[in-house]
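Mapping to UniProt numbering: the sequence shown position 152 is 152, numbers consecutive.
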Amino acid sequence: MKTTIYAASLLLAGSVSAHGGVISYTIDGKTYAGLSTSPPPGGAANTIQRSWAKLDPIRDPNSPNLACNSPGAPAKLSATATAGATITAKWNNWPHNSGPLLVWMTECKGDCSTFSPAGADWFKIYQEGLLSGTIGHGKWATRQMIENNESLSVKIPESLKPGNYLIRHETINLARAPAEFYPECAQLKVVGSGSASPSEQFRAKLPGAYHKSDSAFAHAYSDAAVSSNTKYVIPGPPVWTGN
Ligand SMILES: [Cu+2]
């Protein structure tokens, strides 16, 4: 019942402001509520998600809030996730269908509840920009996410070394100028028997990886302006697949 009320109020908030972010995570069948502007069932402390006080996007890629939104305060909980598990992120009623979708991680270097991501070396475990093989109009990853019940499922690389991590889901809206960044972070305790860590070539800082002048953030990449022949290069390092 609480969940229903929460979802309904969030839906309303989303439709009014046309913004938002990830509102829940499901890891191997277990669902963890996120925050948004409403507390999750059980209260604001009962979440694995770092706080985001407003539904608004980050518009400055140099902002420290690019890492984990604003204020991005640590969560009290972390979700245990076995390396190789699938994590499904669910967004609120998502209005922005023009832009890439990325999932990043970084080591918490200790307990995630006391870790600041300032200066952290992030790595990608997923990215998608313009989908290939679409006919006529290009199709952005964010449109696919909307069509897929506003959700995205990504596998945590099976070889990833156990430890405490942040996982950061990010949509970028290219239909507005300047581009809008919607990052949300959640805290994970990864367990398993892996021993791998991404090397330097897969790493980037957030902020740091993106620049206002990057062609990847040009307004011309709105949904109507792209075709199946448009070449879109997702900014940042390549995805680390666990090898
Ligand atoms: Cu919006």
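Beta carbons are placed, not taken as given, at the ideal position from N, Cα and C, and that holds for glycine.
All of these numbers come straight from a predicted model, not from anything done at the bench.
#### Entry: N- and C-terminal bounds of the alpha helix (DSSP H) containing T142
141 to 147
### Query
Distance, Cα to Cα, K189 vs N229?
41 Å
### Query
By Cβ distance below 6 Å, which residues in the same chain neighbour P178 in space, the five residues on each side in sequence not counted?
R59
### Task
Grab me the residues of I146's own chain with a C-beta within less than 7 Å of its C-beta, minus the 5 sequence neighbours each way, in chain order.
The beta carbon of I146 is closer than 7 Å to those of W94, N97 in its chain, skipping five residues each way along the sequence.
### N148 classed as buried or exposed, judged by whether at least 16 other C-beta atoms fall within 10 angstroms
Counting the other Cβ atoms within 10 Å of the Cβ of N148 gives fewer than 16, which makes it exposed.
### Query
Is S215 buried or exposed, if buried means 16 or more other CB atoms sit within 10 Å of its CB?
S215 is exposed by the Cβ-count criterion.
### Query
Hey, out of A225, S63, P57, S24, whose CA is closest to T47's CA?
S24
### Query
Would you say the beta carbon of P95 comes nearer than 7 Å to a heavy atom of ligand 1?
yes
#### Entry: Where the beta strand (DSSP E) containing N173 begins and where it ends
163 to 173
### Query
Would P207 pass as a contact of P61 if the rule is Cβ separation under 8 Å?
yes
### Query
According to DSSP, what are the bridge partners of A33?
S24
### Message
Going by C-alpha to C-alpha distance, which of T171, Y165, A141 sits closest to G129?
### Response
A141
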